[in-house]
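Under our numbering, read the sequence shown as residues 7 to 220, first letter to last. Backbone N, C-alpha and C define an ideal beta-carbon position, used for all residues, glycine too.
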Amino acid sequence: MARQARAEMTRSTIIKAAADLFDRYGYVATSLVDIIAHAGVTKGSLYFHFSSKEELAHAVVQEQHAIWTDHARSFIDDDPALEALIRMSFSLSIQLVEHPLVRGGIRLTLEQGTFQRPLPDPYLDWIMIVRSLLERATAERDVRTSVELDRLAKFIVSSFTGLQLVAQVLNERRNLPDRMVDLWQVVLPGLVLSKRLHYYLNYLVAVHKELSEG
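Right, dumping it as C-alpha cells:
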C-alpha cells in the first residue's frame, strides 16, 4: 500500500475512534490516550495527523458535517420539495441513531462551548438547505406564501436539534424517528395550504413507516 494511502487510512481510523469515544463520553472526559488505544495506533501516528485533542475534535465535526450535507444535497432536486424536506429529516434522524461518526460529531457540536477555538457555525448550511427547499415548496404551491421562510428554516433546524438532544438524554435517540413524526404533525398545519394538508399528513406516516422498516 502506498504511503499516502496508509496515512489516509490511519487518519480515518483515528477520526472514527475519536468520534465513537466523544459520542460515548463527551469531549472533556475523553483523552488522547483513550483515543490512541481505541484506534490501535501509536502516539506518533496520532500526532502526525493532529496536534491536539481540539484539532481532532474539529476534524470529527468536519467529517460529520460533510456526511450530512452531502446526504442532504442528494434531496435538494427531488420533487416535490416539501416531500424532499420531510424525507431528508427522517433520513438524517436515522443516521443519528445508526452512524457513530455522525453521533460523535453532533455531540461535539453541542459541546463546542468547551473548545478554546470556537467551531464555525455548523448550522448555517442546514438553515440554507432547509430554506432552499421551503422556497421551492412555496413556488410549488404547497407552502403558504405568508410564511416567513428565514424564520421557519431556523425554527425547523432548531426544533430538530432540540428533538435529538432530548431523545439522546431519554433513550439514546432510539425513538428519534418517532419524534420526527410529532414535529411535522405540529408544523405542517401552519405551513401547508389546507387543500394539501391531508396529503402531507398521510405522506409523513408513509415515509416514517418506509424508513423505519428499511
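How about residue i and residue j: are their beta carbons less than 7 angstroms apart?
| i | j | result |
| --- | --- | --- |
| Ala63 | Tyr31 | no |
| Val67 | Thr144 | no |
| Ala45 | Gly110 | no |
| Leu189 | Ser165 | yes |
| Phe28 | Leu217 | no |
| Trp132 | Val172 | no |
| Glu69 | Leu130 | no |
| Ser51 | Thr16 | yes |
| Ala87 | Glu146 | yes |
| Tyr206 | Val198 | yes |
| Pro195 | Ser99 | no |
| Ile159 | Arg137 | With the sequence shown as reference, residue 159 is identified as Ala, and Ile is not the correct amino acid for it. Going by C-beta atoms, Ala159 is nearer than 7 angstroms to Arg137. |
| Arg113 | Asp148 | no |
| Ile42 | Ala78 | no |
| Arg179 | Leu169 | no |
| Ile92 | Val187 | no |
Hey, quick one: how far does the alpha helix (DSSP H) through residue i stretch, first residue to last?
| i | result |
| --- | --- |
| Tyr205 | 200-219 |
| Asn177 | 155-177 |
| Arg9 | 9-31 |
| Ile82 | Note, Ile82: premise wrong, no alpha helix (DSSP H); not H, not E. |
| Val192 | 182-197 |
| Ala43 | 38-45 |
| Phe227 | Residue 227 lies beyond the range of the chain shown here (7 to 220); nothing can be said about it. |
Within 7 angstroms (strictly less), CB to CB, does residue i reach chain B?
| i | result |
| --- | --- |
| Gly168 | The structure shown contains no chain B; it is built from a single protein chain. |
Practice item. Check whether the segment 12-27 touches the segment 47-56, counting contact only when three or more Cβ pairs, one atom from each stretch, lie closer than 8 angstroms. Key: yes
**Study point:** alpha helix (DSSP H) runs contained entirely in the segment 106-148, provided each spans 4 or more residues
**Key:** 106-116, 130-145
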